[in-house]
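> Structure below; questions to follow.
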Amino acid sequence: EGHGTGTPVGDPIEVEAIHRAMGASELRTSPVFLGSVKPNIGHSEAASSMGTIIKSIMALENDMLPPTAGLERPHPNSNIILCADKIRFAVKWNDFNIRVVTEPTPWPTSMPVRRIGINAFGYGGTNAHAILDNAASLVPPAHLKGWKSISRPHSSHAVNGHNWPSENEDDYSHLLVFSAHDEPTLGNNIADYAARCGDAPLLDLAYTLGKRRSKFKRRAFAIAKQGSLTSVVQDAAATITTAPSDSARIAFVFSGHGAQW
1 EGHGTGTPVG DPIEVEAIHR AMGASELRTS PVFLGSVKPN IGHSEAASSM GTIIKSIMAL
61 ENDMLPPTAG LERPHPNSNI ILCADKIRFA VKWNDFNIRV VTEPTPWPTS MPVRRIGINA
121 FGYGGTNAHA ILDNAASLVP PAHLKGWKSI SRPHSSHAVN GHNWPSENED DYSHLLVFSA
181 HDEPTLGNNI ADYAARCGDA PLLDLAYTLG KRRSKFKRRA FAIAKQGSLT SVVQDAAATI
241 TTAPSDSARI AFVFSGHGAQ W
């Protein structure tokens, strides 16, 4: 998903960079599919990447590569592209292993992972690249049991129509965070939680500690599973640290063009 500067200088540079980084690999057996959402919705300035992310997610979820609006065809006999019968910019298409998406294209079945790279460039020189993978390709390696989604620890029942086993919360580890004004109080608090909350749902306790407790200077954490809360005292004691002071100095940043600040 190209940034698509729409300039005679920017577009050739971006396309060549995509070819050199991805298309020129000797391991690649198919071209890089290229498109840009900017002709569809225009330039949304500081929020310009949101449109590309939305488009990319929809392409991954619907197994379809959408075309770029207004782009008719790469010129067959030269390195110039035609857009609405007008010469717009010069790109060395004949030399690049890149295919511009000019019509709705089903995702190639030969690719084991559906992946989209997103370019985003700022006028002041900021260059960013994000990579999105189809969630379905991550389920088996991560041992997730959901159907095109992450598993839900709170659920103890399988979803009707899906042949996935029910989830057991006891199999999941949870992050427990603790804080207090001083180290002795922090140690006492951790021991008290271990003694009093051993039978409490660990997911609920982790949420309460992380979201519903004040954050103080002395802090600690532990990783625990359901039924192992009594063992967190020693684990948490080894992680006690001091949070940074709140009286940090303020830095003023002047970007030069103001669009992102």
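For the record, in the sequence shown the residue sitting at position 237 is 237 according to UniProt numbering, with numbers rising by one throughout. All C-beta atoms in this analysis are idealised placements derived from N, C-alpha and C, irrespective of residue type, glycine included. As the structure is a prediction and not an experimental result, all values here were calculated from the model.
#1: Is the stretch 15-31 touching the stretch 96-111, taking contact as three or more C-beta pairs under 8 Å?
#2: Using the DSSP secondary-structure output, state which residues sit across from K225 in a beta bridge.
#3: Within the stretch 9-40, note down every full alpha helix (DSSP H) run reaching 4 residues or more, in order along the chain.
#4: Starting from A130, trace the beta strand (DSSP E) both ways and give me its first and last residue.
#5: Buried or exposed: where does E103 fall if 16 or more other Cβ atoms within 10 Å of its Cβ makes it buried?
#6: Measuring alpha carbon to alpha carbon, tell me which of T68, L65, G2, T29 ends up nearest E16.
#7: Report the rounded CA-to-CA distance for P66 versus S30, giving the unit in angstroms.
#8: Apart from the five residues on each side of it in sequence, which residues of its chain come closer than 6 Å, Cβ to Cβ, to S137?
#9: Suppose contacts are defined by Cβ-Cβ distances below 8 Å. Is V177 in contact with L209 by that definition?
#10: Note the first and the last residue of the continuous alpha helix (DSSP H) segment covering V232.
#11: What are the residues that DSSP puts in a beta bridge with V253?
#12: Between which two residues does the alpha helix (DSSP H) containing I54 stretch?
#13: Measure from the alpha carbon of M58 to the alpha carbon of each residue in I18, N134, D11, then state which is nearest.
#14: Can you tell me where the beta strand (DSSP E) with N119 in it begins and where it stops?
#15: What is the C-beta distance between H181 and A224, in whole angstroms, given that I count them as a contact (C-beta under 8 Å)?
#16: What would DSSP say about A69, mapped onto helix, strand or coil?
#17: Measuring CA to CA, which of S44, L60, T105, E61 is closest to T68?
#18: Could you give the residue range of the beta strand (DSSP E) that holds R99?
#19: Taking Cβ to Cβ, would you say E14 is nearer than 8 Å to N127?
#20: Look at S44 and G51 and say whether their C-beta atoms are less than 8 Å apart.
#21: Hey, could you find the ends of the alpha helix (DSSP H) R213 is sitting in?
Taking the definition as stated:
#1: The answer is yes - the stretch 96-111 touches the stretch 15-31, with three or more Cβ pairs under 8 Å.
#2: One-based indexing of the sequence shown puts residue 225 at position 225. S173.
#3: Secondary structure within the stretch 9-40: the alpha helix (DSSP H) runs of 4 or more consecutive residues, fully enclosed, are 10-18 (chain order).
#4: As a position in the sequence shown, residue 130 is number 130, starting the count at 1. Following the DSSP letters along the chain, one finds A130 inside the beta strand (DSSP E) bounded by residues 127-133.
#5: Along the sequence shown, one-based indexing puts residue 103 at 103. Answer is exposed; the Cβ neighbour count stays below 16.
#6: Start at 1 with the first residue of the sequence shown, and residue 16 comes out as number 16. Of all alpha-carbon atoms in T68, L65, G2, T29, the one lying nearest the alpha-carbon of E16 is that of G2.
#7: Position 66 of the sequence shown holds residue 66. Position 30 of the sequence shown holds residue 30. Rounded to whole angstroms, the gap between the alpha carbons of P66 and S30 is 18 Å.
#8: Taking the first residue of the sequence shown as 1, we reach residue 137 at position 137. So the list reads V113, once near-sequence residues are dropped.
#9: Within the sequence shown, the letter at position 177 stands for residue 177. Within the sequence shown, the letter at position 209 stands for residue 209. Yes, the pair counts as a contact, with Cβ atoms nearer than the cut-off.
#10: Counting from 1 along the sequence shown, the entry for residue 232 is found at position 232. Where V232 is concerned, the enclosing alpha helix (DSSP H) starts and stops at 232-237.
#11: Here residue 253 is taken as the residue at index 253 of the sequence shown, counted from 1. In the DSSP output, where bridge partners are listed per residue, V253 has none listed.
#12: Walking along the sequence shown from the start, residue 54 turns up at place 54. Where I54 is concerned, the enclosing alpha helix (DSSP H) stretches over 48-62.
#13: Translated into positions along the sequence shown, residue 58 becomes position 58. Checked all of I18, N134, D11; the closest Cα to M58 is N134.
#14: For this step, residue 119 is matched to residue 119 along the sequence shown. Where N119 is concerned, the enclosing beta strand (DSSP E) stretches over 115-121.
#15: Your numbering for residue 181 matches position 181 in the sequence shown. Your numbering for residue 224 matches position 224 in the sequence shown. The distance from the Cβ of H181 to that of A224 is about 24 Å, inconsistent with a contact at the 8 Å cut-off.
#16: Counting from one through the sequence shown, the residue named residue 69 turns up at place 69. In the structure shown, A69 sits in coil (DSSP, three-state: anything other than H, G, I, E or B).
#17: The residue labelled residue 68 in the question sits at position 68 within the sequence shown. Among S44, L60, T105, E61, the Cα nearest to that of T68 is on T105.
#18: Residue mapping note: residue 99 aligns to position 99 of the sequence shown, counting from 1. R99 -> beta strand (DSSP E) spans 98-100.
#19: Here the question's residue 14 lines up with position 14 in the sequence shown. Here the question's residue 127 lines up with position 127 in the sequence shown. Not a contact, by the Cβ cut-off of 8 Å.
#20: If you number the sequence shown from 1, residue 44 lands on position 44. If you number the sequence shown from 1, residue 51 lands on position 51. Yes, Cβ-Cβ distance for S44 and G51 is below 8 Å.
#21: Taking the first residue of the sequence shown as position 1, residue 213 is located at position 213. R213 -> no alpha helix (DSSP H), and no H or E assigned at all.
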